[in-house]
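Note that my numbering has the sequence shown beginning at 596, numbered continuously upward.
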Amino acid sequence: MRAHPAGPLHAGISPPPAAGPAPDDLGALDPAVWPRSARRVDGELHLAGRSVTDLARAHGTPLFVLDEADFRSRAADFADAFTDADVHYASKAFLCGQVARWIADDGLHLDACSGNELAVALAAGFPAERIALHGNNKSMVELQLAVDAGIGHVVLDSFDEIERLVPLAAARVAAGGSPVPVLIRSTVGIEAHTHEFIATAHEDQKFGFSLATGDALTAAVRVIREPALHLSGLHSHIGSQIFDTAGFEAAAHRVVGLMGQVHQATGEVLGELNLGGGFGIAYLSEDDPVTPADVAVKLRSVVAAECAALGLPVPRLAVEPGRAIAGPGTVTLYEIGTIKPVRLGSGGSPGAPLVRNYVSVDGGMSDNIRTALYDASYTCVLANRSSDAPPALCRVVGKHCESGDILVRDLWLPSDVQPGDLLAVAATGAYCWSMASNYNYLLKPPVVAVRDGAATEIVRRQTLADVFALDAVLAGVPAPSPAIDQPAPEHPVGATS
596 MRAHPAGPLH AGISPPPAAG PAPDDLGALD PAVWPRSARR VDGELHLAGR
646 SVTDLARAHG TPLFVLDEAD FRSRAADFAD AFTDADVHYA SKAFLCGQVA
696 RWIADDGLHL DACSGNELAV ALAAGFPAER IALHGNNKSM VELQLAVDAG
746 IGHVVLDSFD EIERLVPLAA ARVAAGGSPV PVLIRSTVGI EAHTHEFIAT
796 AHEDQKFGFS LATGDALTAA VRVIREPALH LSGLHSHIGS QIFDTAGFEA
846 AAHRVVGLMG QVHQATGEVL GELNLGGGFG IAYLSEDDPV TPADVAVKLR
896 SVVAAECAAL GLPVPRLAVE PGRAIAGPGT VTLYEIGTIK PVRLGSGGSP
946 GAPLVRNYVS VDGGMSDNIR TALYDASYTC VLANRSSDAP PALCRVVGKH
996 CESGDILVRD LWLPSDVQPG DLLAVAATGA YCWSMASNYN YLLKPPVVAV
1046 RDGAATEIVR RQTLADVFAL DAVLAGVPAP SPAIDQPAPE HPVGATS
(Lines of atoms letter the chains of each structure in order from A and count residues from 1; the text may use other names and numbers.)
(Lines give C-alpha, C1' and ligand atoms only; values in the text may rest on other atoms or scores of the structure.)
Protein backbone atom coordinates (compact mmCIF):
# COMPACT_ATOMS: atom_id res chain seq x y z
CA MET A 1 0.00 0.00 0.00
CA ARG A 2 1.19 3.50 -0.80
CA ALA A 3 -0.61 5.19 2.11
CA HIS A 4 -1.00 4.55 5.81
CA PRO A 5 -3.63 1.81 6.23
CA ALA A 6 -5.57 3.86 8.75
CA GLY A 7 -5.96 6.76 6.35
CA PRO A 8 -4.36 10.15 5.63
CA LEU A 9 -4.94 11.54 9.13
CA HIS A 10 -2.27 9.17 10.43
CA ALA A 11 0.21 10.47 7.87
CA GLY A 12 -0.07 13.96 9.31
CA ILE A 13 -2.54 15.15 6.67
CA SER A 14 -6.15 16.19 7.20
CA PRO A 15 -7.71 16.55 3.75
CA PRO A 16 -11.46 17.01 3.22
CA PRO A 17 -13.34 13.73 3.48
CA ALA A 18 -13.39 11.62 0.32
CA ALA A 19 -17.10 10.94 0.78
CA GLY A 20 -18.07 14.12 -1.06
CA PRO A 21 -21.29 15.94 -0.24
CA ALA A 22 -24.00 13.97 1.51
CA PRO A 23 -26.69 12.64 -0.84
CA ASP A 24 -30.27 13.76 -0.50
CA ASP A 25 -31.43 10.22 0.26
CA LEU A 26 -29.05 8.21 2.45
CA GLY A 27 -31.04 5.02 1.88
CA ALA A 28 -31.25 5.19 -1.92
CA LEU A 29 -30.40 2.03 -3.86
CA ASP A 30 -28.72 2.86 -7.15
CA PRO A 31 -29.88 0.12 -9.58
CA ALA A 32 -26.48 0.22 -11.29
CA VAL A 33 -24.78 -0.82 -8.02
CA TRP A 34 -27.28 -2.97 -6.13
CA PRO A 35 -28.76 -6.34 -7.16
CA ARG A 36 -31.55 -6.13 -9.68
CA SER A 37 -34.09 -7.27 -7.08
CA ALA A 38 -33.06 -4.81 -4.33
CA ARG A 39 -36.02 -2.85 -2.97
CA ARG A 40 -37.03 -0.86 0.09
CA VAL A 41 -40.23 -2.17 1.66
CA ASP A 42 -41.47 -0.02 4.53
CA GLY A 43 -37.94 1.31 4.79
CA GLU A 44 -36.28 -2.10 5.04
CA LEU A 45 -34.00 -3.57 2.39
CA HIS A 46 -35.44 -6.62 0.60
CA LEU A 47 -33.40 -8.83 -1.72
CA ALA A 48 -35.15 -11.19 -4.14
CA GLY A 49 -38.36 -10.77 -2.14
CA ARG A 50 -36.84 -11.47 1.29
CA SER A 51 -36.21 -8.96 4.07
CA VAL A 52 -32.66 -8.63 5.31
CA THR A 53 -33.83 -8.76 8.91
CA ASP A 54 -35.39 -12.17 8.28
CA LEU A 55 -32.21 -13.36 6.56
CA ALA A 56 -29.97 -12.13 9.36
CA ARG A 57 -32.21 -13.67 12.01
CA ALA A 58 -32.24 -17.03 10.22
CA HIS A 59 -28.60 -17.21 9.16
CA GLY A 60 -26.68 -14.79 11.39
CA THR A 61 -24.19 -12.12 10.36
CA PRO A 62 -21.87 -11.54 8.62
CA LEU A 63 -23.83 -13.04 5.73
CA PHE A 64 -23.35 -13.09 1.97
CA VAL A 65 -26.76 -12.84 0.27
CA LEU A 66 -26.70 -13.88 -3.39
CA ASP A 67 -29.59 -12.91 -5.65
CA GLU A 68 -29.83 -16.02 -7.84
CA ALA A 69 -31.88 -14.36 -10.57
CA ASP A 70 -29.40 -11.48 -10.77
CA PHE A 71 -26.45 -13.85 -11.05
CA ARG A 72 -28.04 -15.99 -13.73
CA SER A 73 -29.44 -13.07 -15.71
CA ARG A 74 -25.97 -11.53 -15.96
CA ALA A 75 -24.61 -14.84 -17.19
CA ALA A 76 -27.41 -14.83 -19.77
CA ASP A 77 -26.55 -11.26 -20.80
CA PHE A 78 -23.05 -12.39 -21.77
CA ALA A 79 -24.29 -15.58 -23.43
CA ASP A 80 -26.78 -13.58 -25.50
CA ALA A 81 -24.17 -10.97 -26.49
CA PHE A 82 -21.57 -13.59 -27.46
CA THR A 83 -23.81 -16.11 -29.20
CA ASP A 84 -20.97 -17.14 -31.51
CA ALA A 85 -18.30 -17.21 -28.81
CA ASP A 86 -17.47 -19.03 -25.58
CA VAL A 87 -18.13 -17.19 -22.31
CA HIS A 88 -15.95 -18.42 -19.44
CA TYR A 89 -17.13 -17.91 -15.87
CA ALA A 90 -14.30 -16.98 -13.48
CA SER A 91 -14.04 -19.58 -10.72
CA LYS A 92 -11.76 -17.31 -8.73
CA ALA A 93 -14.53 -14.72 -8.38
CA PHE A 94 -16.74 -17.14 -6.47
CA LEU A 95 -17.13 -20.89 -6.86
CA CYS A 96 -19.12 -23.50 -4.99
CA GLY A 97 -20.98 -26.59 -6.10
CA GLN A 98 -24.26 -24.79 -6.69
CA VAL A 99 -22.66 -22.00 -8.72
CA ALA A 100 -20.83 -24.56 -10.87
CA ARG A 101 -24.15 -26.26 -11.61
CA TRP A 102 -25.86 -22.97 -12.48
CA ILE A 103 -23.08 -22.09 -14.89
CA ALA A 104 -23.18 -25.57 -16.42
CA ASP A 105 -26.97 -25.46 -16.82
CA ASP A 106 -26.75 -22.00 -18.41
CA GLY A 107 -24.33 -23.25 -21.06
CA LEU A 108 -21.28 -21.21 -20.12
CA HIS A 109 -17.68 -22.36 -19.95
CA LEU A 110 -15.56 -22.07 -16.81
CA ASP A 111 -11.98 -21.10 -16.11
CA ALA A 112 -10.15 -22.57 -13.14
CA CYS A 113 -6.94 -21.08 -11.75
CA SER A 114 -5.84 -24.02 -9.62
CA GLY A 115 -6.19 -27.75 -9.41
CA ASN A 116 -8.57 -27.40 -6.51
CA GLU A 117 -10.87 -25.02 -8.39
CA LEU A 118 -10.82 -27.58 -11.17
CA ALA A 119 -11.60 -30.34 -8.68
CA VAL A 120 -14.59 -28.42 -7.28
CA ALA A 121 -16.01 -27.91 -10.78
CA LEU A 122 -15.53 -31.56 -11.72
CA ALA A 123 -17.02 -32.77 -8.44
CA ALA A 124 -20.10 -30.64 -9.12
CA GLY A 125 -20.52 -32.35 -12.48
CA PHE A 126 -19.35 -29.48 -14.68
CA PRO A 127 -18.58 -30.73 -18.22
CA ALA A 128 -14.81 -31.14 -18.42
CA GLU A 129 -14.68 -30.16 -22.08
CA ARG A 130 -15.94 -26.67 -21.14
CA ILE A 131 -13.17 -25.99 -18.59
CA ALA A 132 -9.90 -24.12 -19.14
CA LEU A 133 -7.10 -24.38 -16.57
CA HIS A 134 -5.14 -21.19 -15.94
CA GLY A 135 -2.26 -20.43 -13.58
CA ASN A 136 1.37 -19.37 -13.78
CA ASN A 137 2.79 -22.33 -11.83
CA LYS A 138 0.74 -25.44 -12.52
CA SER A 139 2.12 -28.47 -10.71
CA MET A 140 2.47 -31.96 -12.17
CA VAL A 141 -0.47 -33.03 -10.00
CA GLU A 142 -2.67 -30.23 -11.37
CA LEU A 143 -1.66 -30.94 -14.96
CA GLN A 144 -2.27 -34.67 -14.49
CA LEU A 145 -5.78 -33.93 -13.18
CA ALA A 146 -6.47 -31.76 -16.22
CA VAL A 147 -5.17 -34.38 -18.65
CA ASP A 148 -7.05 -37.25 -16.98
CA ALA A 149 -10.29 -35.28 -16.85
CA GLY A 150 -10.08 -34.31 -20.52
CA ILE A 151 -10.65 -30.59 -19.96
CA GLY A 152 -11.18 -28.24 -22.87
CA HIS A 153 -7.89 -26.34 -22.67
CA VAL A 154 -4.75 -26.02 -20.62
CA VAL A 155 -3.62 -22.39 -20.88
CA LEU A 156 0.17 -22.59 -21.05
CA ASP A 157 2.03 -19.88 -19.20
CA SER A 158 5.75 -20.79 -19.33
CA PHE A 159 8.33 -22.97 -21.05
CA ASP A 160 8.69 -25.00 -17.84
CA GLU A 161 4.98 -25.74 -18.01
CA ILE A 162 5.27 -27.01 -21.58
CA GLU A 163 8.02 -29.39 -20.49
CA ARG A 164 5.90 -30.64 -17.59
CA LEU A 165 2.85 -31.21 -19.75
CA VAL A 166 4.51 -33.00 -22.68
CA PRO A 167 5.19 -36.37 -20.95
CA LEU A 168 1.70 -36.41 -19.43
CA ALA A 169 0.16 -35.70 -22.82
CA ALA A 170 2.41 -38.26 -24.51
CA ALA A 171 1.26 -40.92 -22.03
CA ARG A 172 -2.36 -40.12 -22.86
CA VAL A 173 -1.70 -40.39 -26.59
CA ALA A 174 0.19 -43.68 -26.11
CA ALA A 175 -2.84 -45.06 -24.29
CA GLY A 176 -5.03 -44.24 -27.26
CA GLY A 177 -6.14 -40.77 -26.22
CA SER A 178 -6.11 -37.56 -28.24
CA PRO A 179 -3.48 -34.81 -28.00
CA VAL A 180 -4.05 -32.35 -25.15
CA PRO A 181 -5.60 -29.07 -26.41
CA VAL A 182 -3.75 -25.98 -25.20
CA LEU A 183 -3.73 -22.22 -25.57
CA ILE A 184 -0.63 -20.03 -25.38
CA ARG A 185 -1.10 -17.09 -23.02
CA SER A 186 0.55 -14.08 -24.64
CA THR A 187 1.51 -10.92 -22.78
CA VAL A 188 0.66 -8.23 -25.28
CA GLY A 189 2.10 -5.16 -23.53
CA ILE A 190 -1.22 -3.37 -22.99
CA GLU A 191 -1.58 -1.87 -19.53
CA ALA A 192 -5.28 -1.59 -18.89
CA HIS A 193 -6.73 1.52 -17.26
CA THR A 194 -7.17 -0.10 -13.87
CA HIS A 195 -5.49 -0.50 -10.50
CA GLU A 196 -1.74 -1.15 -10.76
CA PHE A 197 -1.98 -4.46 -8.93
CA ILE A 198 -4.62 -5.98 -11.23
CA ALA A 199 -3.28 -4.85 -14.62
CA THR A 200 -1.74 -8.01 -16.00
CA ALA A 201 -0.61 -7.43 -19.58
CA HIS A 202 2.40 -5.13 -19.19
CA GLU A 203 5.79 -6.81 -19.54
CA ASP A 204 7.16 -6.76 -15.99
CA GLN A 205 4.84 -9.32 -14.36
CA LYS A 206 4.43 -13.01 -13.83
CA PHE A 207 1.82 -14.02 -16.42
CA GLY A 208 2.23 -15.30 -19.95
CA PHE A 209 4.77 -15.33 -22.78
CA SER A 210 6.01 -11.94 -23.91
CA LEU A 211 4.98 -10.87 -27.38
CA ALA A 212 7.66 -8.17 -27.52
CA THR A 213 10.58 -10.55 -26.87
CA GLY A 214 9.33 -13.22 -29.24
CA ASP A 215 8.72 -15.73 -26.45
CA ALA A 216 5.04 -16.08 -27.39
CA LEU A 217 5.90 -17.05 -30.97
CA THR A 218 8.65 -19.41 -29.80
CA ALA A 219 6.24 -21.11 -27.40
CA ALA A 220 3.61 -21.50 -30.12
CA VAL A 221 6.10 -23.08 -32.53
CA ARG A 222 7.35 -25.38 -29.76
CA VAL A 223 3.83 -26.62 -29.06
CA ILE A 224 2.95 -27.08 -32.74
CA ARG A 225 5.99 -29.32 -33.17
CA GLU A 226 4.95 -31.51 -30.23
CA PRO A 227 2.61 -34.29 -31.46
CA ALA A 228 1.12 -34.91 -28.02
CA LEU A 229 -0.12 -31.30 -27.79
CA HIS A 230 -2.66 -29.52 -29.96
CA LEU A 231 -2.36 -25.73 -30.16
CA SER A 232 -6.01 -24.69 -30.37
CA GLY A 233 -5.28 -20.98 -30.27
CA LEU A 234 -4.04 -18.01 -28.28
CA HIS A 235 -5.02 -16.34 -25.02
CA SER A 236 -4.62 -12.77 -23.84
CA HIS A 237 -5.73 -10.98 -20.68
CA ILE A 238 -5.05 -7.31 -19.98
CA GLY A 239 -6.41 -6.75 -16.48
CA SER A 240 -9.49 -6.43 -14.30
CA GLN A 241 -12.20 -3.87 -13.49
CA ILE A 242 -11.87 -2.28 -16.95
CA PHE A 243 -14.46 0.32 -17.99
CA ASP A 244 -13.79 0.81 -21.69
CA THR A 245 -13.07 -1.31 -24.74
CA ALA A 246 -9.97 0.50 -26.04
CA GLY A 247 -7.57 -1.84 -24.23
CA PHE A 248 -9.35 -4.92 -25.55
CA GLU A 249 -9.27 -3.53 -29.08
CA ALA A 250 -5.54 -2.84 -28.87
CA ALA A 251 -4.90 -6.30 -27.40
CA ALA A 252 -6.97 -7.92 -30.15
CA HIS A 253 -4.88 -6.11 -32.77
CA ARG A 254 -1.65 -7.48 -31.28
CA VAL A 255 -2.74 -11.02 -30.57
CA VAL A 256 -4.25 -11.43 -34.05
CA GLY A 257 -0.90 -10.20 -35.33
CA LEU A 258 0.68 -13.05 -33.37
CA MET A 259 -1.68 -15.48 -35.07
CA GLY A 260 -0.35 -14.15 -38.36
CA GLN A 261 3.24 -14.72 -37.22
CA VAL A 262 2.39 -18.29 -36.21
CA HIS A 263 0.83 -18.93 -39.61
CA GLN A 264 3.83 -17.47 -41.40
CA ALA A 265 6.31 -19.52 -39.33
CA THR A 266 4.48 -22.86 -39.36
CA GLY A 267 1.63 -22.75 -41.86
CA GLU A 268 -0.82 -23.46 -39.00
CA VAL A 269 -4.14 -21.60 -38.90
CA LEU A 270 -5.24 -21.28 -35.29
CA GLY A 271 -8.95 -21.67 -34.73
CA GLU A 272 -9.51 -20.04 -31.33
CA LEU A 273 -8.80 -16.67 -29.77
CA ASN A 274 -9.50 -16.01 -26.09
CA LEU A 275 -9.32 -12.28 -25.38
CA GLY A 276 -9.74 -12.63 -21.63
CA GLY A 277 -11.93 -10.10 -19.93
CA GLY A 278 -11.85 -8.31 -16.63
CA PHE A 279 -14.96 -6.27 -17.44
CA GLY A 280 -15.69 -3.78 -14.71
CA ILE A 281 -18.76 -3.44 -12.51
CA ALA A 282 -20.27 -0.50 -10.66
CA TYR A 283 -19.17 -0.42 -7.04
CA LEU A 284 -20.15 3.25 -6.80
CA SER A 285 -22.74 5.34 -8.63
CA GLU A 286 -20.06 7.17 -10.61
CA ASP A 287 -18.71 3.91 -12.09
CA ASP A 288 -19.77 3.39 -15.70
CA PRO A 289 -19.06 -0.15 -16.93
CA VAL A 290 -19.47 -1.21 -20.54
CA THR A 291 -22.31 -3.53 -21.47
CA PRO A 292 -21.71 -7.07 -22.76
CA ALA A 293 -23.36 -6.12 -26.06
CA ASP A 294 -21.00 -3.15 -26.58
CA VAL A 295 -17.94 -5.30 -25.90
CA ALA A 296 -19.16 -8.07 -28.20
CA VAL A 297 -19.78 -5.76 -31.14
CA LYS A 298 -16.43 -4.01 -30.87
CA LEU A 299 -14.37 -7.18 -30.36
CA ARG A 300 -15.99 -8.93 -33.31
CA SER A 301 -15.34 -5.89 -35.50
CA VAL A 302 -11.69 -5.53 -34.52
CA VAL A 303 -10.88 -9.23 -34.86
CA ALA A 304 -12.63 -9.47 -38.22
CA ALA A 305 -10.75 -6.45 -39.57
CA GLU A 306 -7.37 -7.67 -38.33
CA CYS A 307 -7.92 -11.17 -39.73
CA ALA A 308 -8.98 -9.75 -43.09
CA ALA A 309 -5.83 -7.64 -43.25
CA LEU A 310 -3.71 -10.76 -42.67
CA GLY A 311 -5.73 -13.06 -44.90
CA LEU A 312 -6.72 -15.29 -42.00
CA PRO A 313 -10.14 -16.80 -41.24
CA VAL A 314 -11.86 -15.33 -38.20
CA PRO A 315 -11.22 -17.64 -35.20
CA ARG A 316 -13.81 -18.64 -32.65
CA LEU A 317 -13.73 -16.05 -29.88
CA ALA A 318 -13.82 -16.59 -26.14
CA VAL A 319 -14.12 -14.06 -23.33
CA GLU A 320 -13.77 -14.17 -19.56
CA PRO A 321 -16.13 -11.64 -17.91
CA GLY A 322 -14.50 -12.09 -14.49
CA ARG A 323 -16.38 -10.30 -11.72
CA ALA A 324 -19.11 -9.04 -14.07
CA ILE A 325 -21.32 -12.10 -13.52
CA ALA A 326 -20.79 -12.80 -9.82
CA GLY A 327 -20.02 -9.36 -8.42
CA PRO A 328 -23.14 -7.20 -8.61
CA GLY A 329 -25.74 -9.68 -7.35
CA THR A 330 -24.38 -10.33 -3.86
CA VAL A 331 -24.68 -8.15 -0.77
CA THR A 332 -22.92 -8.63 2.57
CA LEU A 333 -24.97 -8.06 5.70
CA TYR A 334 -23.28 -6.99 8.92
CA GLU A 335 -24.51 -6.04 12.37
CA ILE A 336 -23.18 -2.87 13.94
CA GLY A 337 -21.43 -3.46 17.26
CA THR A 338 -19.88 -0.14 18.29
CA ILE A 339 -19.84 3.44 17.06
CA LYS A 340 -16.94 5.70 17.96
CA PRO A 341 -16.88 9.39 16.99
CA VAL A 342 -13.35 10.60 16.19
CA ARG A 343 -12.59 14.32 15.99
CA LEU A 344 -10.60 15.19 12.87
CA GLY A 345 -9.87 18.83 13.58
CA SER A 346 -11.21 21.83 11.68
CA GLY A 347 -13.22 21.40 8.54
CA GLY A 348 -16.80 21.33 9.75
CA SER A 349 -19.18 24.26 10.04
CA PRO A 350 -17.71 27.42 11.64
CA GLY A 351 -16.85 26.68 15.24
CA ALA A 352 -17.58 22.97 14.91
CA PRO A 353 -14.90 20.32 14.40
CA LEU A 354 -15.12 17.71 11.67
CA VAL A 355 -16.04 14.34 13.15
CA ARG A 356 -15.89 10.89 11.58
CA ASN A 357 -17.87 8.07 13.14
CA TYR A 358 -16.04 4.75 13.15
CA VAL A 359 -18.85 2.23 12.70
CA SER A 360 -17.59 -1.23 13.68
CA VAL A 361 -19.30 -4.33 12.34
CA ASP A 362 -19.04 -8.03 13.13
CA GLY A 363 -16.88 -8.96 10.12
CA GLY A 364 -14.15 -7.10 8.31
CA MET A 365 -11.01 -7.86 6.34
CA SER A 366 -11.46 -11.59 6.94
CA ASP A 367 -14.54 -11.55 4.66
CA ASN A 368 -13.57 -8.58 2.44
CA ILE A 369 -9.83 -7.92 2.11
CA ARG A 370 -10.20 -5.88 -1.08
CA THR A 371 -10.36 -2.43 0.53
CA ALA A 372 -7.10 -3.06 2.36
CA LEU A 373 -5.45 -4.94 -0.49
CA TYR A 374 -6.48 -2.87 -3.51
CA ASP A 375 -7.84 0.33 -1.96
CA ALA A 376 -11.15 -0.83 -3.40
CA SER A 377 -14.24 1.33 -2.97
CA TYR A 378 -17.63 0.10 -1.77
CA THR A 379 -20.89 1.64 -0.72
CA CYS A 380 -23.32 0.55 1.95
CA VAL A 381 -26.66 1.53 3.47
CA LEU A 382 -28.55 1.19 6.69
CA ALA A 383 -30.55 -1.90 5.80
CA ASN A 384 -33.02 -2.82 8.54
CA ARG A 385 -34.91 0.47 8.58
CA SER A 386 -35.17 3.92 7.06
CA SER A 387 -34.07 7.08 8.84
CA ASP A 388 -34.74 10.79 8.53
CA ALA A 389 -31.76 11.66 10.73
CA PRO A 390 -29.20 14.08 9.30
CA PRO A 391 -26.11 12.59 7.66
CA ALA A 392 -22.95 11.78 9.58
CA LEU A 393 -19.51 11.17 8.07
CA CYS A 394 -18.65 7.52 8.74
CA ARG A 395 -16.00 4.91 8.16
CA VAL A 396 -17.20 1.31 8.28
CA VAL A 397 -14.56 -0.89 9.88
CA GLY A 398 -14.25 -4.50 10.97
CA LYS A 399 -13.36 -6.10 14.28
CA HIS A 400 -9.83 -7.24 13.43
CA CYS A 401 -6.69 -6.13 15.23
CA GLU A 402 -5.54 -3.99 12.27
CA SER A 403 -5.88 -0.27 11.68
CA GLY A 404 -6.26 -1.09 7.99
CA ASP A 405 -9.34 -3.25 8.66
CA ILE A 406 -11.63 -0.98 6.67
CA LEU A 407 -14.65 -2.01 4.60
CA VAL A 408 -15.95 1.38 3.39
CA ARG A 409 -13.44 4.16 3.81
CA ASP A 410 -15.68 7.24 3.77
CA LEU A 411 -19.42 7.55 3.36
CA TRP A 412 -22.47 9.23 4.84
CA LEU A 413 -24.86 7.28 7.05
CA PRO A 414 -27.80 8.51 9.12
CA SER A 415 -26.53 10.00 12.36
CA ASP A 416 -28.85 7.75 14.40
CA VAL A 417 -27.30 4.43 13.38
CA GLN A 418 -26.69 2.38 16.51
CA PRO A 419 -25.55 -1.01 17.76
CA GLY A 420 -27.87 -3.73 16.52
CA ASP A 421 -28.61 -2.03 13.21
CA LEU A 422 -27.85 -3.90 10.00
CA LEU A 423 -25.59 -2.52 7.29
CA ALA A 424 -25.60 -3.91 3.74
CA VAL A 425 -22.49 -3.55 1.58
CA ALA A 426 -23.18 -3.77 -2.15
CA ALA A 427 -21.36 -5.66 -4.95
CA THR A 428 -19.48 -8.16 -2.80
CA GLY A 429 -20.09 -11.24 -4.93
CA ALA A 430 -16.64 -11.39 -6.49
CA TYR A 431 -13.37 -12.04 -4.64
CA CYS A 432 -14.79 -11.47 -1.14
CA TRP A 433 -15.84 -14.93 0.01
CA SER A 434 -13.15 -16.41 -2.26
CA MET A 435 -10.40 -14.45 -0.51
CA ALA A 436 -11.85 -14.87 2.99
CA SER A 437 -9.53 -15.94 5.79
CA ASN A 438 -9.56 -16.95 9.44
CA TYR A 439 -7.52 -13.96 10.56
CA ASN A 440 -7.93 -13.50 14.32
CA TYR A 441 -9.72 -16.87 14.09
CA LEU A 442 -12.88 -15.30 12.75
CA LEU A 443 -14.98 -17.79 10.83
CA LYS A 444 -15.96 -17.64 7.19
CA PRO A 445 -19.57 -16.48 6.66
CA PRO A 446 -22.21 -18.52 4.89
CA VAL A 447 -23.57 -17.76 1.43
CA VAL A 448 -27.33 -17.78 1.05
CA ALA A 449 -28.96 -17.76 -2.39
CA VAL A 450 -32.34 -16.04 -2.50
CA ARG A 451 -34.94 -16.34 -5.23
CA ASP A 452 -38.63 -15.37 -5.14
CA GLY A 453 -38.49 -14.97 -1.39
CA ALA A 454 -37.00 -18.40 -0.71
CA ALA A 455 -33.51 -18.58 0.81
CA THR A 456 -31.16 -21.55 0.39
CA GLU A 457 -27.83 -21.85 2.15
CA ILE A 458 -25.39 -22.87 -0.60
CA VAL A 459 -22.28 -22.55 1.59
CA ARG A 460 -22.74 -23.08 5.31
CA ARG A 461 -21.13 -20.97 8.00
CA GLN A 462 -17.74 -22.25 9.08
CA THR A 463 -17.62 -23.44 12.69
CA LEU A 464 -14.88 -23.44 15.27
CA ALA A 465 -14.95 -27.23 15.11
CA ASP A 466 -13.98 -26.96 11.42
CA VAL A 467 -10.95 -24.88 12.38
CA PHE A 468 -10.04 -27.11 15.35
CA ALA A 469 -10.07 -30.14 13.02
CA LEU A 470 -6.97 -28.81 11.25
CA ASP A 471 -5.02 -28.27 14.46
CA ALA A 472 -2.80 -31.18 15.56
CA VAL A 473 -3.47 -30.42 19.23
CA LEU A 474 -7.09 -29.27 19.11
CA ALA A 475 -8.56 -31.81 16.65
CA GLY A 476 -11.45 -33.47 18.44
CA VAL A 477 -11.33 -31.05 21.40
CA PRO A 478 -14.75 -29.48 22.06
CA ALA A 479 -14.87 -25.73 21.56
CA PRO A 480 -15.31 -23.66 24.72
CA SER A 481 -18.90 -23.14 25.72
CA PRO A 482 -20.51 -21.06 24.40
CA ALA A 483 -18.54 -21.50 21.17
CA ILE A 484 -17.96 -18.27 19.32
CA ASP A 485 -19.13 -19.67 15.99
CA GLN A 486 -20.66 -16.31 15.16
CA PRO A 487 -20.84 -13.02 16.99
CA ALA A 488 -23.50 -13.01 19.70
CA PRO A 489 -25.07 -9.53 19.43
CA GLU A 490 -25.79 -7.62 22.58
CA HIS A 491 -28.97 -6.42 20.92
CA PRO A 492 -31.48 -8.44 18.87
CA VAL A 493 -30.73 -8.35 15.16
CA GLY A 494 -31.97 -5.12 13.66
CA ALA A 495 -32.79 -3.60 17.05
CA THR A 496 -33.44 0.09 17.14
CA SER A 497 -34.17 0.40 20.86
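Backbone N, C-alpha and C define an ideal beta-carbon position, used for all residues, glycine too. Every value quoted in this text rests on a predicted model; they were computed, and no experiment measured them.
Among the options, nearest to residue i - alpha-carbon criterion
i, options, result
"residue 961", "999, 842 and 987", "999"
"residue 815", "734, 883, 740 and 862", "862"
"residue 925", "889, 974 and 932", "974"
"residue 637", "865, 628 and 647", "647"
"residue 891", "870, 1010, 878 and 1073", "870"
"residue 854", "865, 1013, 846 and 986", "865"
"residue 706", "720, 661, 697 and 682", "682"
"residue 969", "1030, 686, 614 and 951", "1030"
"residue 1011", "950, 981, 697 and 769", "981"
"residue 684", "913, 844, 825 and 971", "913"
"residue 935", "989, 875, 805 and 824", "989"
"residue 922", "660, 766, 639 and 720", "660"
"residue 811", "1034, 781 and 621", "781"
"residue 778", "884, 829, 818 and 762", "829"
"residue 716", "732, 698, 731 and 730", "698"
"residue 1037", "1072, 1002 and 957", "957"
"residue 1051", "1057, 997 and 1042", "1042"
"residue 649", "689, 979 and 1046", "979"
"residue 767", "951, 875, 920 and 822", "822"
"residue 678", "759, 745 and 701", "701"
"residue 950", "1006, 618 and 645", "1006"
"residue 657", "963, 634 and 800", "963"
"residue 730", "663, 832 and 1069", "832"
Beta bridge counterpart(s) of residue i as assigned by DSSP
i, result
"residue 1009", "986"
"residue 777", "749 and 826"
"residue 728", "707 and 749"
"residue 648", "Residue 648 is not bridged to any residue."
"residue 1043", "660 and 1052"
"residue 841", "DSSP, once it has assigned bridges, lists no residue as partnering residue 841."
"residue 833", "Answer is none; residue 833 lacks a bridge partner."
"residue 782", "805"
"residue 1094", "Residue 1094 is absent from the structure shown; the chain starts at 596 and stops at 1092."
"residue 992", "955 and 1001"
Residue i (DSSP reduced to helix, strand or coil)
i, result
"residue 1072", "coil"
"residue 668", "helix"
"residue 1087", "Note that residue 1087 scores 48 on pLDDT, short of 50, meaning its location in the model is unreliable and no value can be drawn from it."
"residue 1036", "helix"
"residue 718", "helix"
"residue 682", "strand"
"residue 898", "helix"
"residue 1095", "This structure gives no information on residue 1095, because the portion of the chain shown stretches from 596 to 1092."
"residue 977", "strand"
"residue 1002", "strand"
"residue 892", "helix"
"residue 615", "coil"
"residue 848", "helix"
"residue 712", "helix"
"residue 673", "helix"
"residue 884", "coil"
"residue 558", "Any question about residue 558 goes unanswered here, given that the chain covers just 596 to 1092."
"residue 653", "helix"
Element boundaries [beta strand (DSSP E), containing residue i]
i, result
"residue 818", "From DSSP, residue 818 is part of no beta strand (DSSP E) but of the alpha helix (DSSP H) over 810-819."
"residue 872", "867-872"
"residue 639", "639-642"
"residue 1017", "1017-1020"
"residue 636", "634-636"
Residue i: first and last residue of the uninterrupted alpha helix (DSSP H) it sits in
i, result
"residue 756", "754-769"
"residue 696", "692-700"
"residue 741", "735-744"
"residue 1152", "Since the first residue shown for the chain is 596 and the last is 1092, residue 1152 is missing from the structure and cannot be characterised."
| field | Complete alpha helix (DSSP H) runs within the region 902-975 (minimum length 4 residues, chain order) | value | 918-921 and 965-969
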